[in-house]
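Student: Residue numbers (UniProt numbering): 1 to 210. Encoded as structure tokens, here's the structure I'll be asking about.
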């Protein structure tokens with residue numbers, strides 16, 4: 001019997017974010033592995049995501065794409081997991097979930113691509129400049145265990161994934177606040193399960209290609 005969730009991914013992609021979220025939710029899911037050259041561009045998957053990128057999920061026939069949206073959707077769809085915001089957490093939850101999906105990602109992507117706007121153009125951009133975006137997030141996390149305070153939520157899966165990835169590959173600085181925050185996240189059982197699954201899949205792909 002198939003699961004309610006079909007998870008479309010490639011282990012060497014942002015699908016790792018959604019894998020972690022799925023493990024946190026704890027609901028059963030079926031995984032469909034796609035490769036960049038063929039199946040991700042095929043008609044079957046284009047009907048699910050015309051952008052031809054992963055990840056995506058189909059939950060009871062409903063398609064959700066974009067990592068931040070998937071994390072928020074799954075928190076809502078499975079409230080028993082306790083990953084959605086309580087009333088007093090909603091301001092921080094939504095603010096920083098969308099901050100990571102917008103200003104932070106734009107700032108990191110543009111800097112990685114070699115585009116750093118001068119002062120005269122900074123006002124045109126949603127993030128101002130790279131340092132401003134990075135320091136704004138660091139300022140929020142200072143003195144907090146998680147995005148919403150003392151409790152882990154789906155916002156930490158998404159925000160934390162940006163920081164874990166950025167620190168690993170050097171696109172974000174190893175600020176003490178960032179390092180302490182990501183170290184807490186790495187201790188989560190769901191995070192470790194997700195990493196183990198994706199690392200095994202990556203090893204299989206690399207072995208098959210050698």
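A virtual CB, placed ideally from N, CA and C, is assigned to each residue, including glycine. None of the values given here were measured: they were computed from a predicted structure.
Given residue 163, which residues of its chain have a CB within under 7 Å of its CB, disregarding the five upstream and five downstream residues?
Tutor: Closer than 7 Å at Cβ, skipping near neighbours: 172, 178, 181 and 182.
Student: For the beta strand (DSSP E) containing residue 6, name the first residue and the last one.
Tutor: Residues 5-9.
Student: Can residue 154 and residue 71 be called in contact, C-beta distance under 9 Å?
Tutor: Contact: yes.
Student: With distance defined between alpha-carbon atoms, name the residue in 157, 11 and 106 nearest to residue 213.
Tutor: Residue 213 lies beyond the stretch modelled for the chain, which goes from 1 to 210, so this question has no answer here.
Student: If you follow the alpha helix (DSSP H) that residue 32 is in, where does it begin and where does it stop?
Tutor: That residue, residue 32, is in no alpha helix (DSSP H); its beta strand (DSSP E) goes 29-33.
Student: Could you please give the first and the last residue of the uninterrupted beta strand (DSSP E) stretch that includes residue 57?
Tutor: Looking at the DSSP string, the run of the beta strand (DSSP E) that includes residue 57 is 56-59.
Student: Are three or more beta carbon pairs between the stretch 70-86 and the stretch 117-130 nearer than 8 Å?
Tutor: No, because fewer than three Cβ pairs between the stretch 70-86 and the stretch 117-130 fall closer than 8 Å, the two stretches do not touch.
Student: Return the residue from the list 59, 60 and 64 that minimises the CA-CA distance to residue 53.
Tutor: Measuring from the Cα of residue 53, the nearest candidate turns out to be 64.
Student: For residue 152, count the other beta carbons within 10 Å of its own beta carbon; 16 or more makes it buried, fewer makes it exposed. Which is it?
Tutor: Classification of residue 152: buried, given that the 10 Å Cβ count is 16 or more.
Student: Using CA coordinates, which residue listed in 130, 137, 196 and 200 is at the minimum distance from residue 112?
Tutor: The option with the nearest alpha carbon to residue 112 is 130.
Student: Grouping DSSP H, G and I as helix and E and B as strand, with all else coil, what is residue 130?
Tutor: Note: residue 130 maps to helix in three-state DSSP.
Student: Take residue 15 and list the residues in its own chain whose beta-carbon comes closer than 6 Å to its own, dropping the five residues that flank it on each side.
Tutor: Within the same chain, residue 15 has close Cβ partners 9, 54 and 55.
Student: So what's residue 158 in DSSP terms, helix, strand or just coil?
Tutor: It is helical.
Student: Per DSSP, which one or two residues make a beta bridge with residue 62?
Tutor: Note: residue 62 sits in a beta bridge opposite 59.
Student: Are the stretch 184-198 and the stretch 99-110 in contact at 8 Å, needing three or more beta carbon pairs?
Tutor: Contact between the stretch 184-198 and the stretch 99-110 is absent, because fewer than three Cβ pairs lie under 8 Å.
Student: What's the C-alpha gap between residue 57 and residue 33?
Tutor: Taking the straight line from one Cα to the other gives about 12 Å.
Student: Span of the alpha helix (DSSP H) holding residue 204?
Tutor: Run containing residue 204: 189-209, per the alpha helix (DSSP H) assignment.
Student: Taking the straight line between their C-alpha atoms, what separation do you get for residue 22 and residue 44?
Tutor: Distance between the alpha carbons of residue 22 and residue 44: 23 Å.
Student: How is the alpha helix (DSSP H) around residue 76 delimited, first residue to last?
Tutor: It spans 67-77 - the alpha helix (DSSP H) in which residue 76 sits, taken as one unbroken run.
Student: Who are the near neighbours of residue 20 in its chain, counting only those whose CB is closer than 6 Å to its CB and skipping five residues on each side?
Tutor: 157, 191 and 194.
Student: If residue 73 sits next to residue 148, beta carbons under 8 Å apart, how far is it from one beta carbon to the other, in whole angstroms?
Tutor: Wrong, their Cβ atoms sit about 18 Å apart, outside the cutoff.
Student: Between the alpha carbons of residue 90 and residue 209, how many angstroms are there, rounded?
Tutor: Whole-angstrom Cα-Cα distance: 45 Å.
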